[in-house]
Amino acid sequence: REAADVPQSFDANRDAKRKLYRYILHDGPVPDPFMRRYCHHTRYRLDAAAMARAAACLRGQHDFRSFETEWPNRASSVRTITQLTVNRRDDWLWLDVEADGFLYNMVRAIVGTLIHVGRGYWPETRVAEILEARDRTQAGPTAPAKGLFLMRVSYEP
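Numbering of the sequence shown is given in my numbering, commencing with residue 10 and proceeding in unit increments.
Okay, structure coming up:
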């Protein structure tokens, strides 16, 4: 880790080049009482492999309007996801999403959509259709905030 002097005009959010978020899910039969504030528990086993395959179409540069819960007066809803992985260990899943920027609730909307795929509600191909629709009503619900963590912010020197 290091520190550096920055111009007075520096803005920690606006000047970030990349951010990495992690979303933690628990799909065991009983909620973990020690982690209940830090993860989203689903009562049904999720198909992590199907979720990972469905998420693949989200990597790259796209218009993510379908995964934004508010439409403020912004110039563009185009973002570039450089990493989107779905990992499992026992009853735990975690999704890592790294991008050059995020729309409001974008990660949580993506997770909610992938949970629908993992439950078998939607086929894997539905995620690409949702992305193309540019319509928030087509995507899954917004996952709860309690599973979301900002892991890393990258800046250019």
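Even for Gly, the Cβ is constructed at its ideal location relative to N, Cα and C. Note that the coordinates shown come from a computational prediction; the quantities given were computed from them, not determined experimentally.
For residue i, three-class secondary structure by DSSP
| i | result |
| --- | --- |
| Ser18 | coil |
| Leu55 | coil |
| Lys155 | helix |
| Met160 | strand |
| Arg10 | coil |
Cross-strand partners of residue i (DSSP beta bridge)
| i | result |
| --- | --- |
| Ser1 | Summary: the structure shown does not reach residue 1, with the chain confined to residues 10 through 166, and so no result is reported for it. |
| Leu34 | His49 and Leu102 |
| Asn96 | Trp103 |
| Val116 | None; Val116 has no bridge partner. |
Beta-carbon proximity check, residue i vs residue j, cutoff 9 angstroms
| i | j | result |
| --- | --- | --- |
| Gln92 | Leu29 | yes |
| Leu67 | Ile119 | yes |
| Leu104 | Asn96 | yes |
| Asp36 | Arg54 | yes |
| Ala108 | Arg83 | no |
| Val126 | Ala25 | no |
| Gly129 | Asp56 | yes |
Residue i, buried or exposed, once every other Cβ within 10 Å from all chains shown has been counted against 16
| i | result |
| --- | --- |
| Ser85 | exposed |
| Glu168 | No answer is possible for residue 168: the residues shown for the chain start at 10 and end at 166. |
| Ala58 | exposed |
| Ala148 | buried |
| Glu138 | exposed |
| Arg117 | buried |
| Val106 | buried |
| Trp131 | buried |
8 angstroms contact criterion, which residue i and residue j should meet: CB distance rounded
| i | j | result |
| --- | --- | --- |
| Arg135 | Ser75 | In fact, because the Cβ distance is near 11 angstroms, the residues do not count as touching under 8 angstroms. |
| Phe158 | Arg31 | 5 angstroms |
| Thr167 | Thr151 | Outside the displayed range of the chain (10 to 166) lies residue 167, so it cannot be described from this structure. |
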